[in-house]
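Chemist:
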Amino acid sequence: MKTVFERTEGLVDVPTHYCPGCTHGIIHRLVGEVLEEMDALGQSVGVAPVGCAVFAYNYFNCDMQEAAHGRAPAVATGIKRVLPQNVVFTYQGDGDLAAIGTAETVHAAARGENITIIFVNNCIYGMTGGQMAPTTLEGQKTTTSPYGRKKEFQGSPIRVCEMLSTLDGPAFLERVSVHNPAHVRKAKNAIRKAFDAQVQKKGFSLVEVLSTCPTNWGMPPAKSLDWLEENMIPYYPLGNYKNWEDA
Numbered sequence: 003m004k005t006v007f008e009r010t011e012g013l014v015d016v017p018t019h020y021c022p023g024c025t026h027g028i029i030h031r032l033v034g035e036v037l038e039e040m041d042a043l044g045q046s047v048g049v050a051p052v053g054c055a056v057f058a059y060n061y062f063n064c065d066m067q068e069a070a071h072g073r074a075p076a077v078a079t080g081i082k083r084v085l086p087q088n089v090v091f092t093y094q095g096d097g098d099l100a101a102i103g104t105a106e107t108v109h110a111a112a113r114g115e116n117i118t119i120i121f122v123n124n125c126i127y128g129m130t131g132g133q134m135a136p137t138t139l140e141g142q143k144t145t146t147s148p149y150g151r152k153k154e155f156q157g158s159p160i161r162v163c164e165m166l167s168t169l170d171g172p173a174f175l176e177r178v179s180v181h182n183p184a185h186v187r188k189a190k191n192a193i194r195k196a197f198d199a200q201v202q203k204k205g206f207s208l209v210e211v212l213s214t215c216p217t218n219w220g221m222p223p224a225k226s227l228d229w230l231e232e233n234m235i236p237y238y239p240l241g242n243y244k245n246w247e248d249a
């Protein structure tokens, strides 16, 4: 029988630790496919975060470096400056990137560091039990906001792409989603453009991927995809926020 779909060489063939219905696996595959298609696996270095993707080094078929909580952009900066010929990327969740790692993210972007960040936004702390994150939506219930996030107490959720787009350093910023096949294809195109920006030495690039967390959202996987579309996208509009090609 002819094989019509096979595992990308960008990922290692091992069981996953992610919860059923989690879209991290889709995003992993997209990154792996892009690096394989660019013939860059042998020259790539990924930086794993603290959070649900802490074991990313077990999955990507390239050199990987673990970073302390939130410090992945700083670690990636050091690697890229020492190995400028390599493709260097971080893979981070919203708690890692937009909470404890806010300063590292903002300043790497402001400096225009020639690295790529894959930012997975699921509006919650996943690994540690479902606490409120900087990206948690207003009214969304979590273990630390059991009555829903309230603007007067916790402020408004942070829109990372919009915030970084005010800086001069970023070359490419785009927000995508993986809640259906059409958007998965668009997400892959954005990830490719982000890596292309790095290869062409244009500067800092980031792709924000809206993702699900069925376990901590307390809903079945299929319903979580609908919840993302109905609740996250209105607050986090999809689209490109900066593209060096348009400058």
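The numbering of the sequence shown is our numbering, which starts it at 3 and goes up by one.
Even glycine gets a Cβ: it sits at the ideal position worked out from N, Cα and C.
Remember, it's a predicted structure, so these values are computed and weren't measured experimentally.
1. Name the residue from Ala78, Thr214 and Gly220 whose alpha carbon lies nearest to the alpha carbon of isoleucine 235.
2. Using 8 Å as the threshold, is the segment 65-81 in touch with the segment 99-114, meaning 3 or more CB pairs across them?
3. Inspect the beta-carbon positions of isoleucine 117 and threonine 79 and report whether they are closer than 8 Å.
4. Excluding sequence positions up to five away, which residues of its chain have a Cβ less than 8 Å from the Cβ of methionine 66?
5. Considering just the uninterrupted stretch of the alpha helix (DSSP H) at methionine 3, what are its terminal residues?
6. Quick check: what's the CA-CA separation for alanine 100 versus isoleucine 160?
7. Please report the residue range of the beta strand (DSSP E) in which proline 172 lies.
8. Are there three or more Cβ pairs, one per stretch, closer than 8 Å when the segment 128-144 is compared with the segment 187-196?
9. Which whole-angstrom value is the C-beta distance of isoleucine 120 and valine 209, which I expect to be below 8 Å?
10. Just to confirm my understanding: we take valine 180, look at its own chain, exclude 5 residues before and 5 after, and list those with CB closer than 7 Å. What are they?
11. On the DSSP bridge list, what partners appear for phenylalanine 206?
12. Distance, Cα to Cα, valine 89 vs proline 223?
Modeler: Once the coordinates are examined:
1. Locating residue 235 in the sequence shown gives position 233, counting from the first residue. Of the listed residues, the one whose Cα sits closest to isoleucine 235 is Thr214.
2. yes
3. By 1-based counting over the sequence shown, the position of residue 117 is 115. By 1-based counting over the sequence shown, the position of residue 79 is 77. Closer than 8 Å, so yes.
4. Position 64 of the sequence shown holds residue 66. So the list reads Val47, Gly48, Val49, Ala50, Ala58 and Tyr59, once near-sequence residues are dropped.
5. For the purposes of this step, residue 3 is taken as the residue at position 1 of the sequence shown. Run containing methionine 3: none; DSSP gives neither H nor E here.
6. Taking the sequence shown and counting its residues from 1, the one referred to as residue 100 is at position 98. Taking the sequence shown and counting its residues from 1, the one referred to as residue 160 is at position 158. In a straight line, the C-alpha of alanine 100 is about 8 Å away from that of isoleucine 160.
7. Against the sequence shown, residue 172 aligns to sequence position 170. Here the beta strand (DSSP E) through proline 172 covers 172-179.
8. They do not touch, by the three-pair rule.
9. The residue labelled residue 120 in the question sits at position 118 within the sequence shown. The residue labelled residue 209 in the question sits at position 207 within the sequence shown. Sure, about 6 Å apart at Cβ, within 8 Å.
10. Taking the sequence shown and counting its residues from 1, one reaches residue 180 at position 178. Once the five neighbours on either side are set aside, the close Cβ partners of valine 180 are Thr25, Ile28, Ile29, Val186, Ala189, Val211 and Ser213.
11. Working through the sequence shown from its first residue, we reach residue 206 at position 204. Bridge partners of phenylalanine 206: Pro172.
12. Sequence index remark: in the sequence shown, residue 89 carries index 87 (1-based). Sequence index remark: in the sequence shown, residue 223 carries index 221 (1-based). Taking the straight line joining both Cα atoms gives about 33 Å.
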